[in-house]
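Undergrad: Questions regarding the structure given below will be posed in turn.
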Amino acid sequence: MDRPAASGMFVGAMSPTFSAAGAEFLQHYARDAQIRWSLEDLAAQREFVNTRLVDCQWLDWSTASAALQLVQAVHAQTSLGAHEKYDALVLAGPIVELIEPTTLFRQAVSPLRPGGKLIGLMPCLRDNSPESEHFMRHAAAMLWPYYTGEELVEMLRENGLREDSRASGFTAIPQFNDAVSQR
């Protein structure tokens with residue numbers, strides 16, 4: 024990655040401002056999700072995840088409590104400590120905006136069985152177009168860095184994971200883009 028990761032995301036250590044900023048982010052996440060995503064977007068996300076979890080024993084990292092536990096594990100420089108192994112792990116919700124993707128992917132390897140699936144709903148940019156570049160600069164200044172789908176796939180590979188191109192895709196979320204642009 025040739026872009027600096029100066030943001031509210033946590034790389035390897037907890038930011039001293041997490042207690043206020045991170046707690047506020049988690050507190051308001053459910054409300055903010057209604058601004059970012061329409062009911063149709065949320066239904067499509069559930070459908071995407073649910074179709075990939077059929078007959079799987081899976082671990083859910085999409086909740087605010089899972090996000091808090093993961094931030095604490097990253098701060099302590101340990102893994103989350105899941106004793107069981109799972110067929111799938113869901114990465115979505117606040118955690119994908121609080122922890123850098125590389126750190127998150129590294130944490131996600133441990134609880135997966137060999138051949139396990141990582142199912143993620145991660146905000147990303149479609150490409151390096153001028154429009155995406157403008158959004159990326161604006162979001163990094165106001166929120167946190169966004170990566171292209173290609174950069175996220177590269178980060179997966181760097182952590183020993185691989186993309187299933189049959190199950191991957193990019194879906195534009197106009198309501199989210201509008202919400203960010205209005206900030």
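Just so you know, the sequence shown maps onto residues 24 to 206 in the numbering used here.
Even for Gly, the Cβ is constructed at its ideal location relative to N, Cα and C.
Nothing here was measured: the structure is a model prediction, and the numbers come from that model.
(1) Any idea which residues DSSP pairs K108 with across the strands?
(2) Round the Cβ separation of P117 and L49 to the nearest angstrom and send it over; I've been treating them as touching at under 8 Å.
(3) According to the neighbour-count rule (16 or more other Cβ atoms, all chains shown, within 10 Å of its Cβ), is G139 buried or exposed?
(4) Are the segment 65-77 and the segment 106-126 touching by the rule of at least three beta carbon pairs closer than 8 Å?
(5) Which value, in whole angstroms, describes the spacing of the CA atoms of L175 and P124?
(6) In terms of alpha-carbon separation, which member of T171, P134, Q130 lies closest to M145?
(7) Express the C-alpha separation of P134 and R160 in angstroms, rounding to a whole number.
(8) Beta-carbon separation of V97 and T126 under 8 Å?
(9) Only counting the same chain, and skipping five residues up and downstream in sequence, which positions put a Cβ closer than 7 Å to that of W84?
(10) For Y52 versus A89, is the C-beta distance shorter than 8 Å?
(11) Cα separation between S191 and Q130?
(12) Unbroken beta strand (DSSP E) runs of length 3 or more, entirely within the segment 84-148: which are they?
(13) Identify, in the order they occur along the chain, each residue of the same chain with its Cβ nearer than 7 Å to the Cβ of E186, setting aside the five sequence neighbours on each side.
(14) Is V132 near L184, with beta carbons less than 8 Å apart?
(15) Counting along the chain, where does the alpha helix (DSSP H) carrying A54 start and finish?
(16) Can you check whether the CB of L121 is closer than 8 Å to the CB of G45?
(17) Could you tell me which of R189, S188, A99, F128 sits nearest to N182, measuring between CA atoms?
TA: Looking at the atomic coordinates:
(1) In the sequence shown, residue 108 corresponds to position 85, counting from 1. None; K108 has no bridge partner.
(2) On the sequence shown, residue 117 is found 94 positions in, with the first residue counted as 1. On the sequence shown, residue 49 is found 26 positions in, with the first residue counted as 1. Contact holds; Cβ gap of about 6 Å.
(3) Against the sequence shown, residue 139 aligns to sequence position 116. Looking at its Cβ environment, which holds 16 or more other Cβ atoms inside 10 Å, G139 is buried.
(4) Yes, they touch.
(5) Taking the sequence shown and counting its residues from 1, the one referred to as residue 175 is at position 152. Taking the sequence shown and counting its residues from 1, the one referred to as residue 124 is at position 101. Rounded to the nearest angstrom, the two C-alpha atoms are 7 Å apart.
(6) Working through the sequence shown from its first residue, we reach residue 145 at position 122. Considering only alpha carbons, the answer is T171.
(7) Looking up residue 160 in the sequence shown gives position 137. Looking up residue 134 in the sequence shown gives position 111. Each residue's Cα considered, the two are about 34 Å apart.
(8) Counting from one through the sequence shown, the residue named residue 97 turns up at place 74. Counting from one through the sequence shown, the residue named residue 126 turns up at place 103. In this structure, T126 lies closer than 8 Å to V97 by Cβ.
(9) In the sequence shown, residue 84 corresponds to position 61, counting from 1. Within the same chain, W84 has close Cβ partners L93, L112, V113, L114, I118.
(10) Taking the first residue of the sequence shown as 1, we reach residue 52 at position 29. Taking the first residue of the sequence shown as 1, we reach residue 89 at position 66. Cβ atoms of Y52 and A89: not closer than 8 Å.
(11) As a first step, residue 191 is located in the sequence shown; it is residue number 168 there, counting from the start. As a first step, residue 130 is located in the sequence shown; it is residue number 107 there, counting from the start. Approximately 21 Å between the Cα atoms of the pair.
(12) 109-114, 135-143
(13) As a working note, residue 186 is residue 163 in the sequence shown. These residues qualify, in order along the chain: V176, L179.
(14) Locating residue 132 in the sequence shown gives position 109, counting from the first residue. Locating residue 184 in the sequence shown gives position 161, counting from the first residue. In contact: V132 and L184 (Cβ atoms closer than 8 Å).
(15) Counting from 1 along the sequence shown, the entry for residue 54 is found at position 31. According to the sequence provided, residue 54 is Arg. The question's Ala does not apply to it. Per DSSP, R54 belongs to the alpha helix (DSSP H) from 46-59.
(16) Start at 1 with the first residue of the sequence shown, and residue 45 comes out as number 22. Start at 1 with the first residue of the sequence shown, and residue 121 comes out as number 98. Yes.
(17) Walking along the sequence shown from the start, residue 182 turns up at place 159. Closest by alpha carbon: F128.
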